[in-house]
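Residue numbers (this note's numbering): 4 to 740. Yeah, the Cβ is synthetic: ideal placement off N, Cα and C, and Gly gets one too.
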């Protein structure tokens with residue numbers, strides 16, 4: 004970690020920041036301080052400071068002169084003082100003329116510009132500090148919340164390029180964490196990215212996933228750092244690349260890579276891998292006295308108590324010593340578990356004590372000690388619930404050794420895995436899915452307690468979770484985070500009422516990769532709803548469905564299920580053998596959906612089912628065995644529709660087993676072997692035709708087929724074939740001259 008003090012421009016103050024990514028210093032385009040940071044109070048004090056007056060101004064009326072002697076106006080003394088404060092200047096009296104004090108307005112300390120800007124921002128800063136004071140740390144650091152902040156009017160100096168970067172205050176930076184200040188690199192930090200997008204701040208990429216030659220990156224404009232800021236701001240916060248290419252950054256990249264846009268004078272990180280770039284810039288900072296390499300532990304106090312009834316009571320009692328001072332003791336293990344009483348009133352007491360304080364018979368013990376009335380937070384239970392699930396009926400232990408070893412140890416899982424499974428046994432919970440704003444804290448606490456249990460010998464794995472997946476946030480239709488203030492909140496109840504649960508569920512999975520941030524699109528729900536309608540019509544008799552819809556208009560609600568069951572399956576559904584083409588389509592769908600489910604690529608799995616349905620709609624005869632298997636694939640995505648259609652297909656052999664209990668289908672690789680291939684044919688490196696050949700065709704057959712292709716003949720007329728290049732099963736390139 005690098006410890007870097009950044010100078011506050013036009014002042015004698017410095018701000019210390021810690022960064023684990025000193026290689027991104029060139030991408031720092033602004034700073035953010037916690038609203039409680041002591042520098043903010045210092046700046047506010049500077050803003051409120053009265054203008055310095057040389058001696059006593061002897062008249063109630065003042066004529067203010069600029070340093071050149073030009074009159075700026077005659078005004079009352081109070082007006083003159085306000086005038087001076089707004090402009091960050093002093094009043095120096097040089098004489099009195101006709102009962103009017105003659106005063107020069109001039110700067111002192113070199114802070115004039117800073118004082119003027121601070122004076123303009125002081126109201127907004129104080130208002131924002133008051134607003135943030137009412138929030139908890141958890142509320143302030145929640146990733147899903149709307150980003151807020153205020154510019155202080157001050158600037159800091161980036162030590163690597165001398166650029167002036169604005170200093171903001173924002174609630175997502177905590178005074179109790181680190182130094183309470185961050186150097187914001189929005190191109191490579193998710194929170195900084197969101198903040199910069201919200202306030203149109205410059206975003207400069209300084210780390211590339213791929214290696215680039217140093218000369219591609221370009222240099223910082225020598226001697227004119229402010230011009231670069233102007234260019235970036237005028238481009239709407241877009242990035243400025245070497246050669247004058249300006250384009251918006253596509254996304255925030257937080258991984259390692261190679262330096263770009265990171266050179267100034269004698270220091271250049273361009274083309275360096277992240278590890279080397281870190282070492283080089285830290286050495287440079289230390290050599291210039293601008294920073295040091297240090298170790299910083301990311302530890303925070305964990306408030307483990309709540310003033311509410313719902314929570315585990317602490318096994319702690321309070322006693323008085325001989326001097327009347329309180330001290331606490333833990334209850335013996337024989338007194339565990341401590342169960343809460345069932346009070347009639349769950350509200351706090353009149354003097355603000357937690358609800359448990361109302362149960363005086365429970366609180367006050369016979370020996371004169373008093374129970375702790377705070378309760379544990381929800382984390383206390385959720386930190387180990389995954390272990391309790393393994394053995395929830397065990398009355399003597401939170402989990403037995405046998406159950407914990409069976410489920411959590413990788414060796415015990417090996418016999419259960421399919422021989423064709425691509426996954427190796429994993430230790431701990433195989434998969435953890437959770438939103439970043441919740442999972443970060445839960446993972447921290449659960450991992451802490453799991454390691455305690457491991458050290459004590461109660462669990463067999465050193466880590467609780469094997470794989471973590473953070474699902475992406477669903478934005479409003481305007482591409483912004485959903486917020487009542489923006490009016491872009493989507494009510495899922497409205498979607499359920501209009502399209503049903505299956506359509507909502509299916510569309511959320513179809514929107515894109517699970518981990519991506521995605522904007523909501525109600526029209527997209529309608530599209531998925533139409534797909535489910537095609538699935539329904541693939542199975543049922545459309546004429547009977549029309550009669551059902553007409554009857555539904557006049558039917559009583561209670562009769563609707565019976566009416567639905569009266570819709571028969573279509574006549575094209577038959578208990579007939581599937582054709583090779585039908586089996587190929589089905590097993591291709593099974594393969595794709597299975598692989599995508601295991602990889603959590605739900606959107607592409609749904610696309611595969613859409614392709615299958617489109618093809619199945621063209622079949623004159625639809626084998627029941629094929630469509631029954633398709634419903635097994637559809638069930639995890641649209642369970643209600645799949646279960647309804649499953650019952651219809653099995654109505655002749657009732658009682659039918661619920662689809663939920665049917666084994667997942669496996670595909671037959673032999674059915675997916677292609678009989679023919681489409682091979683592109685080039686002439687002198689340019690695509691001229693695509694030919695269809697047997698899959699087992701030899702190279703000589705490919706050459707003959709390519710030369711005989713009708714579309715190839717015009718390009719060979721009058722030329723001699725010099726060479727034919729064949730890439731088996733991929734390409735034929737004819738060289739002719």
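Could you tell me the alpha carbon to alpha carbon distance between residue i and residue j, rounded to whole angstroms?
{"i": "residue 690", "j": "residue 722", "result": "17 Å"}
{"i": "residue 643", "j": "residue 358", "result": "44 Å"}
{"i": "residue 694", "j": "residue 735", "result": "10 Å"}
{"i": "residue 131", "j": "residue 304", "result": "25 Å"}
{"i": "residue 103", "j": "residue 122", "result": "27 Å"}
{"i": "residue 23", "j": "residue 703", "result": "60 Å"}
{"i": "residue 628", "j": "residue 637", "result": "15 Å"}
{"i": "residue 585", "j": "residue 515", "result": "29 Å"}
{"i": "residue 493", "j": "residue 201", "result": "21 Å"}
{"i": "residue 47", "j": "residue 521", "result": "41 Å"}
{"i": "residue 63", "j": "residue 120", "result": "28 Å"}
{"i": "residue 517", "j": "residue 129", "result": "41 Å"}
{"i": "residue 196", "j": "residue 255", "result": "6 Å"}
{"i": "residue 356", "j": "residue 289", "result": "53 Å"}
{"i": "residue 681", "j": "residue 675", "result": "16 Å"}
{"i": "residue 19", "j": "residue 335", "result": "47 Å"}
{"i": "residue 166", "j": "residue 353", "result": "57 Å"}
{"i": "residue 31", "j": "residue 144", "result": "21 Å"}
{"i": "residue 182", "j": "residue 43", "result": "13 Å"}
{"i": "residue 262", "j": "residue 274", "result": "5 Å"}
{"i": "residue 481", "j": "residue 491", "result": "7 Å"}
{"i": "residue 142", "j": "residue 187", "result": "20 Å"}
{"i": "residue 192", "j": "residue 646", "result": "45 Å"}
Among the residues of its own chain, which have a CB less than 8 Å from the CB of residue i, if the five just before and after it don't count?
{"i": "residue 45", "result": "16"}
{"i": "residue 599", "result": "605, 607, 608 and 611"}
List the endpoints of the continuous alpha helix (DSSP H) containing residue i.
{"i": "residue 504", "result": "504-513"}
{"i": "residue 717", "result": "716-719"}
{"i": "residue 612", "result": "605-619"}
{"i": "residue 381", "result": "Per DSSP, residue 381 belongs to no alpha helix (DSSP H) and is neither H nor E."}
{"i": "residue 643", "result": "642-652"}
{"i": "residue 84", "result": "80-90"}
{"i": "residue 453", "result": "439-458"}
{"i": "residue 703", "result": "702-711"}
{"i": "residue 199", "result": "193-202"}
{"i": "residue 411", "result": "404-411"}
If I measure Cβ to Cβ from residue i and keep anything under 7 Å in the same chain, skipping five residues before and after, which residues do I get?
{"i": "residue 499", "result": "507"}
{"i": "residue 38", "result": "131, 132, 135, 172 and 174"}
{"i": "residue 483", "result": "489 and 491"}
Kindly list the residues whose CB is nearer than 6 Å to the CB of residue i, restricted to its own chain and excluding five residues on each side of it in sequence; keep chain order.
{"i": "residue 343", "result": "316"}
{"i": "residue 649", "result": "634 and 662"}
{"i": "residue 672", "result": "none"}
{"i": "residue 502", "result": "528 and 532"}
{"i": "residue 433", "result": "469"}
{"i": "residue 320", "result": "332, 372 and 374"}
{"i": "residue 419", "result": "A caution first: residue 419 carries a pLDDT of 43, below 50, which makes its placement in the model too unreliable to give a value."}
Give the single residue among the options whose Cα lies nearest to the Cα of residue i.
{"i": "residue 189", "options": "27, 273 and 378", "result": "27"}
{"i": "residue 294", "options": "701, 670, 25 and 729", "result": "25"}
{"i": "residue 622", "options": "541, 607, 681 and 600", "result": "541"}
{"i": "residue 533", "options": "505, 517, 516 and 515", "result": "505"}
{"i": "residue 203", "options": "157, 68, 151 and 452", "result": "151"}
{"i": "residue 159", "options": "34, 184, 210 and 335", "result": "34"}
{"i": "residue 714", "options": "698, 692, 705 and 157", "result": "692"}
{"i": "residue 679", "options": "363, 198, 733 and 718", "result": "733"}
{"i": "residue 698", "options": "677, 601, 667 and 665", "result": "677"}
{"i": "residue 299", "options": "708, 21 and 683", "result": "21"}
{"i": "residue 738", "options": "731, 719 and 259", "result": "719"}
Hey, quick one: how far does the beta strand (DSSP E) through residue i stretch, first residue to last?
{"i": "residue 149", "result": "It is not in any beta strand (DSSP E) - residue 149 carries neither H nor E in the DSSP assignment."}
{"i": "residue 98", "result": "93-100"}
{"i": "residue 583", "result": "Residue 583 -> not in any beta strand (DSSP E); alpha helix (DSSP H) instead, spanning 583-601."}
{"i": "residue 572", "result": "Where residue 572 is concerned, there is no enclosing beta strand (DSSP E), given that its DSSP letter is neither H nor E."}
{"i": "residue 745", "result": "No statement about residue 745 is possible, as the shown extent of the chain runs from 4 to 740 and does not include it."}
{"i": "residue 725", "result": "724-730"}
{"i": "residue 68", "result": "64-68"}
{"i": "residue 695", "result": "689-697"}
Just confirm the distance between the C-beta atoms of residue i and residue j, as a whole number of angstroms; I'd bet it's less than 8 Å.
{"i": "residue 572", "j": "residue 652", "result": "7 Å"}
{"i": "residue 3", "j": "residue 314", "result": "Shown here, the chain extends from 4 to 740; a query on residue 3 therefore has no answer."}
{"i": "residue 211", "j": "residue 156", "result": "Contact flag wrong, Cβ pair sits at about 34 Å."}
{"i": "residue 265", "j": "residue 209", "result": "5 Å"}
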